Amino acid sequence: MNLENCKAYELIETTDLKDINSKGYLLRHKKSGARISLIENDDENKVFYIGFRTPSLDSTGAAHILEHSVLCGSKKYPVKDPFVELVKSSLNTFLNAMTYPDKTIYPVASCNDKDFQNLVEVYMDAVFYPNIAEHKEIFCQEGWHYEMEDINAPLTINGVVYNEMKGAFSSPEEVLSREILSTLYPDTSYFYESGGDPDVIPSLSYEKFLAFHKKYYHPCNSYIYLYGNMDMEEKLNWMDQEYLGKYDTIEVDSNIKWQEPFESVKEVKIPYNIASGESLEDNTYLSYNVSTGTILDKKLYVAFDILDYALLSAPGAPLKQALLDAGIGKDIMASYDNYTLQPMFSIVAKNSNLEKKEEFLGIIRKVLEEQVKNGINKKSLLAGINSFEFKYREADFGQFPKGLLMGIKCLDSWIYDEKQPFLHLQELDVIEFLKKQVETDYFEQLVQKYLLDNNHAAVVIVEPQYGLNAQKEEKLAEKLEAYKNSLSKEEQQEIVDFTHHLKKYQEEPSATEDLDKIPTLTRKDIKKDAEKLYIRENYVDDTLMLCHDIDTNGIAYFSLMFDVTDIPAHLIPYMGLMKAVLGYVDTEHYTFPELANEINLYTGGIFSNIGSYAHVEKGNVSLKYEIKAKTLYKEIPKTIAIIREILSGSNYRQQDRLYEILAQLKSRLQMGMSSAGHSISAMRAMSYFSVSGKYSDMTEGIEFYQLIKDLEEHFEEKKEELSKNLETLAGYMFRKDNLMISAGAQKEGLELLEKEIPTVKTILHEKTSDVKAEPMQLEKKNEGFMDASQVQYVSRAGNFKKAGYEYTGALRILKVLLSYDYLWINVRVKGGAYGCMSGFTRKGDGYFTSYRDPNLSKTNEIYEGVPEYLKNFTVEEKDMTKYIIGTFSDVDTPLTPAGKTGRSATAYLTGVTYEMIQKERQQILNATQEDIRELAGIVEAILKEDALCVIGNEEKLKEEKGLFKELKNLY
17 MNLENCKAYE LIETTDLKDI NSKGYLLRHK KSGARISLIE NDDENKVFYI GFRTPSLDST
77 GAAHILEHSV LCGSKKYPVK DPFVELVKSS LNTFLNAMTY PDKTIYPVAS CNDKDFQNLV
137 EVYMDAVFYP NIAEHKEIFC QEGWHYEMED INAPLTINGV VYNEMKGAFS SPEEVLSREI
197 LSTLYPDTSY FYESGGDPDV IPSLSYEKFL AFHKKYYHPC NSYIYLYGNM DMEEKLNWMD
257 QEYLGKYDTI EVDSNIKWQE PFESVKEVKI PYNIASGESL EDNTYLSYNV STGTILDKKL
317 YVAFDILDYA LLSAPGAPLK QALLDAGIGK DIMASYDNYT LQPMFSIVAK NSNLEKKEEF
377 LGIIRKVLEE QVKNGINKKS LLAGINSFEF KYREADFGQF PKGLLMGIKC LDSWIYDEKQ
437 PFLHLQELDV IEFLKKQVET DYFEQLVQKY LLDNNHAAVV IVEPQYGLNA QKEEKLAEKL
497 EAYKNSLSKE EQQEIVDFTH HLKKYQEEPS ATEDLDKIPT LTRKDIKKDA EKLYIRENYV
557 DDTLMLCHDI DTNGIAYFSL MFDVTDIPAH LIPYMGLMKA VLGYVDTEHY TFPELANEIN
617 LYTGGIFSNI GSYAHVEKGN VSLKYEIKAK TLYKEIPKTI AIIREILSGS NYRQQDRLYE
677 ILAQLKSRLQ MGMSSAGHSI SAMRAMSYFS VSGKYSDMTE GIEFYQLIKD LEEHFEEKKE
737 ELSKNLETLA GYMFRKDNLM ISAGAQKEGL ELLEKEIPTV KTILHEKTSD VKAEPMQLEK
797 KNEGFMDASQ VQYVSRAGNF KKAGYEYTGA LRILKVLLSY DYLWINVRVK GGAYGCMSGF
857 TRKGDGYFTS YRDPNLSKTN EIYEGVPEYL KNFTVEEKDM TKYIIGTFSD VDTPLTPAGK
917 TGRSATAYLT GVTYEMIQKE RQQILNATQE DIRELAGIVE AILKEDALCV IGNEEKLKEE
977 KGLFKELKNL Y
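Per our numbering, the sequence shown runs over residues 17 to 987.
Written out as structure tokens, the structure reads:
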């Protein structure tokens, strides 16, 4: 790249980013003052973002509502929802926007050059020239507005962000996190909720909303990032000519203020809502939180991650174990949050009680003082460092482009020091420094300085309270009724008229000429051939080793896969518990803390997974218990030795440890159900009719939670039975006859692994005659699970193969169609839910679900309308092409080596051939609107199953109890 050709920019710094095989450039746009960082390398998955520093002045959520709103049409692209148009019609590998406590960012990514430029163009126009001043409806839809269907109806409030944050504030963990941040930094913008407090959001005026954009969304307050293999010069000159060059530098007061340290530790106590079926006892959160220096301290940034592991997060870590042993809480959590100018280190005891506060604080001080005096376990520190280094070098973020995560990491320093965007992208030197410090008292000094002698700390307690949400809703209803009564009949009619006007505005499609302005690709831009499968059968004696010959950069990804389809049904939920036990209890030669250190010293992780695989031709469903590992080739023998130790030597009679695991598992499942109610309810709905769905629910869903809850609450009377079941299960599961191996690596790695397989088999069990499969009992229950949230997760599911329909690639298009057209408009835009999704599998299962949804029966009625929508589906060829291209965005998501390994293994186990994948690809590529209309019958078959499951607000579910066969408490 020759920056001499980019005269509009000043080059501030060039950096050789050796850790990530890249070159970094820091620039400033001379005229506008925009900051730009470039990371040039050979990664085809290109990333762009534009971010703004957006400190909040109140808790109205202006930053968050604006993040939603600027993507609802702009000067050059005046369609109502260009974001949705892009999702439907681009090959993006990432497309979203995020609000943080002090910044807002708009990232996109794509492997296709033309598509990438399209995305950048739409996003640049969106942030600088949004239609928010031309259409107040955008603010009302995305933020908040009064609603009243007629003059006699009650006055209510609706809005996407309003409902999203009602859902967020229903989680006690989010309530706690919010309170910690505001308590530690009361004199800064962190005191306020950037996402918006539902109680405060309705005080945001349209005028203040517009002023927020005018103040902060100027190039001189922007941070622009480009990453990957692209023509950087062309991008820079384009940005100058089209956008940046049209602005002059101004002064924007967006600096993030520094919180002066406290003279004494603060204490705050606040309530959170629980449902009537939950107990007040053992439901308090105790937390101790300290401010730990600055995010610009490069060494501290990594060192506290290591301390988190060594003191709290590792199994059996001393501070965590001391708190558990004292019965302070049933789940001890720690976090080092380094996304703010002044990072926070938090210690949280969940499922505790207020009267244990002093003991909680006393144990923390006592243990930390002991760690300083006697020294932190060196092996734990080295294990933590090795684990951090493995993840850093691997740079595997699943489906998230690594360039995006690196870009976000740039902002960890960049928005606080504009000369240091690459501070945290060069950490190998820090890692080497920390390794050397293990032999010194470096880490002990950090504990002394920041955790013991630091008064910039806060004790934050979150206590349960019955009926808190009901009281709030009642007060809100009274307030709204009083406000309504204060209005004249003319003013009330104005609200009614606007309610209908907004719905009409939401229903009206954008003008064709405006839609045509959104840049799109053509079907010719789609590659014709699917990503190949990497499958090679290899037998080691009589054990199948499925080899995936992939360049993995010296890392072996492998799974020991045990076929457990013949496990007795009553033991299947215990397999979910086995996932949490294996590797986390004592073994013959290691205590569980020692085992954790061994794993993190020599591997990139060893963990369990349970997979159900429905064979597309045979129709049967096989269940696999998988021991997964990733490690450097040279550590394969050691990794296998650790796995052998876990499989042959785990102590299922270590009952005090089993109770700790149960209590923590129960806690984490509750958190998962709170944050992912859409997935959990959809899984439960499918368990009514689907064997795969039933397996999932039994091992990770509501049925599994019910087992864990029962075992934890009746542990003393059930502990012997529990140990016996785990021992019996291990004998049934870990056998020589049901083992296969799946491995992704290069030749060297695969050969090393092949040598070790016989050593694994020496410790496995022989098959016994009493292992017998039992028919899975399926039953349609149509349950409503009541919790303390203020929103719902509404799921409907069914199977279309039972009705004689076959899977077709057009169903991949239908998912896009529904999620960003029919369901998006009706459930999200008009209904106010934060999200809506659908999915369809090759085995015939399909579902619809909503996320943080203020409605229930209304959403179910919308699902019922899908067949009619499909029967009348009519679009022009260019629009059909958009949906097809948007479908390939998901189909062609770039995969990591681990992802390629998993995809190939899944295809093998489900009988999916490359020819089937290629056929599906052609069905998508050549689809017509007639193909979409023909899906109406498939959806009718799904809906005819009438499988409904809802998780949500207790009062709302009771109001609409007629929809359910049974109402139950979720927890």
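Beta carbons: idealized from backbone N, C-alpha and C, even for Gly.
The model shown is predicted, which means the values in this text are computed figures rather than measured ones.
Asked	Found
Residue of Tyr466, Tyr41, Ile401 minimising C-alpha distance to Gly244	Tyr41
Helix, strand or coil at Lys130 according to DSSP, with G and I counted as helix	helix
CB-CB length for Gly760 against Tyr573, believed under 8 Å	4 Å
Under 8 Å between C-beta atoms of Val476 and Asn305	yes
Member of Ser854, His472, Lys314 whose CA lies at the smallest distance from the CA of Trp430	Lys314
At least 3 beta-carbon pairs within less than 8 Å: the region 82-92 vs the region 874-886	no
Segments assigned alpha helix (DSSP H), at least 4 residues, entirely inside the region 601-629	608-618
CB of Arg44 within 8 Å of CB of Tyr25, strictly	yes
Start and end residues, alpha helix (DSSP H) containing Gln680	671-691
Secondary structure of Lys796, DSSP reduced to three states	coil
7 Å Cβ shell around Pro117 - same chain, five flanking residues per side excluded	Leu197, Tyr206, Ser210, Thr356
Residue environment, Asn616, which counts as buried when at least 16 other CB atoms sit within 10 Å	buried
Pair within 8 Å by beta-carbon distance, Glu795 and Tyr711	no
Contact under 8 Å by Cβ, Glu479 with Thr300	yes
Beta-carbon contacts of Lys372 that lie in its chain and below 6 Å, excluding the five residues immediately before and after	Ile344
With 16 other Cβ atoms within 10 Å as the buried cut-off, status of Leu260	buried
Cys852 (DSSP reduced to helix, strand or coil)	strand
Residue burial classification, Ala963 (beta-carbon count within 10 angstroms, cutoff 16)	buried
CA-to-CA distance, Leu107 to Glu60, given in whole angstroms	13 Å
Within the region 704-767, ranges of the alpha helix (DSSP H) (whole runs, at least 4 residues)	707-716, 718-729, 731-749
Selected residue, minimal CA-CA separation from Thr265, among Glu137, Lys972, Pro235, Gln722	Pro235
Residue of Ile958, Asp469, Ile967 minimising C-alpha distance to Gln686	Ile967
Bounding residues of the alpha helix (DSSP H) (the contiguous stretch that carries Lys548)	Note, Lys548: premise wrong, no alpha helix (DSSP H); not H, not E.
Whole beta strand (DSSP E) elements within the region 343-391, 3-residue minimum	347-353, 360-368
Span separating the alpha-carbon of Ser303 from that of Ser362	7 Å
Simplified DSSP state of Asn299, which is helix, strand or coil	coil
Proximity below 8 Å, CB of Gly67 to CB of Ser238	yes
His516 classed as buried or exposed, judged by whether at least 16 other C-beta atoms fall within 10 angstroms	exposed
Residue interval of the beta strand (DSSP E) (run including Cys563)	559-565
Bridge-paired residues (DSSP) for Asn253	According to DSSP, Asn253 bridges with nothing at all.
With 16 other Cβ atoms within 10 Å as the buried cut-off, status of Leu944	The question names Leu, but residue 944 is Thr in the sequence shown. By the 10 Å Cβ count, Thr944 comes out exposed.
Between the CA atoms of Phe144 and Ile940 - distance to the nearest angstrom	36 Å
Neighbour-count burial assignment, Arg381, 16 or more Cβ in a 10 Å radius	exposed
Inside the region 455-501 only - alpha helix (DSSP H) runs reaching at least 4 residues	458-462
Euclidean distance between Cα positions of Glu374 and Thr308	23 Å
Residue interval of the alpha helix (DSSP H) (run including Glu83)	78-85
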